[in-house]
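Visitor: In my numbering, the protein residues as written are -8 to 167.
C-beta: ideal position from N, C-alpha, C; glycine also.
Take this structure first; my questions come after.
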C-alpha cells in the first residue's frame, strides 16, 4: 500500500468499521455522541506499520558483502539463487545465513543501514496530515503480518527462502 491508497481508505472508516463498544469507553466519543471512527476522538491519527526492515537490511548486507566486497557470488548468480529459491546455491546460502554481520548483532554498518531506512520512512510518513484531521505516524509492530507477507514473497538475498516469514516488528531476523 502507498500512502495515497491509505489516504483513500481513511475517508471510510465509519462505513467499514463502526465501533460502538469501543466508542462507549472513550470520554470524547461519549461527550460528542460520535463513534470512534466518526471523529469522536480528539486525535484521529493514522499509523502506517513498517516491518520486515531487518530482512531488507540483512539482504542489502549480503549483497554488499558477498557480491561486491568479497566477490564470493556474482550479482547475476545472486539473482538466480533468489529466483530459484536458493536451489543449487545451498552452500552460499548457508554462508550468508551464518554470517554474523547483520542487524541486531551490534555491528555498525547494518545498524546504520537500519537507521537510514527507518529515518527515510519516518521522513515520508511522520507528521503528514491525514484525511480526518490527524497525522500519519510510523509504527513497527507487525502482529502476525510478518508471517502473512512472508508467505507472499519470494526468497531474499539474506538467505530467507520463499514464503518464509520476514523479520518481525523492528526485531533482528530470527535464526532458525
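Below 8 Å on the Cβ atoms is my guess for residue 125 versus residue 3; work out the distance and round it to an integer in Å.
Guide: Incorrect: roughly 15 Å between the Cβ atoms, too far for contact.
Visitor: How about residue 46 and residue 114: do their beta carbons lie closer than 8 Å?
Guide: No, Cβ-Cβ distance for residue 46 and residue 114 is not below 8 Å.
Visitor: So, are the CB atoms of residue 123 and residue 1 less than 8 Å apart?
Guide: Closer than 8 Å, so yes.
Visitor: Starting from residue 141, follow the alpha helix (DSSP H) in both directions and report where the run begins and ends.
Guide: Counting along the chain, the alpha helix (DSSP H) containing residue 141 begins and ends at 136 to 143.
Visitor: Can you give me the C-alpha to C-alpha distance between residue 165 and residue 72, rounded to a whole angstrom?
Guide: Looking at the two C-alpha atoms, the distance is approximately 21 Å.
Visitor: Let's see if you can read the secondary structure: which residues bound the alpha helix (DSSP H) around residue 98?
Guide: No alpha helix (DSSP H) contains residue 98, which DSSP labels as neither H nor E.
Visitor: Is it true that the segment 77 to 85 meets the segment 127 to 135, where meeting means three or more beta-carbon pairs spaced less than 8 Å apart?
Guide: Judged by Cβ distances under 8 Å, the segment 77 to 85 makes no contact with the segment 127 to 135, as fewer than three pairs qualify.
Visitor: What are the start and end residues of the beta strand (DSSP E) that includes residue 37?
Guide: Where residue 37 is concerned, the enclosing beta strand (DSSP E) stretches over 37 to 40.
Visitor: Within the same chain, show all residues whose beta-carbon is closer than 8 Å to that of residue 128, passing over the 5 residues directly before and after it, in chain order.
Guide: These residues qualify, in order along the chain: 36, 37, 38, 39, 116 and 117.
Visitor: Tell me, to the nearest whole angstrom, how far the beta carbon of residue 88 is from that of residue 145; I am working on the premise that it is less than 8 Å.
Guide: Not a contact, Cβ separation roughly 17 Å.
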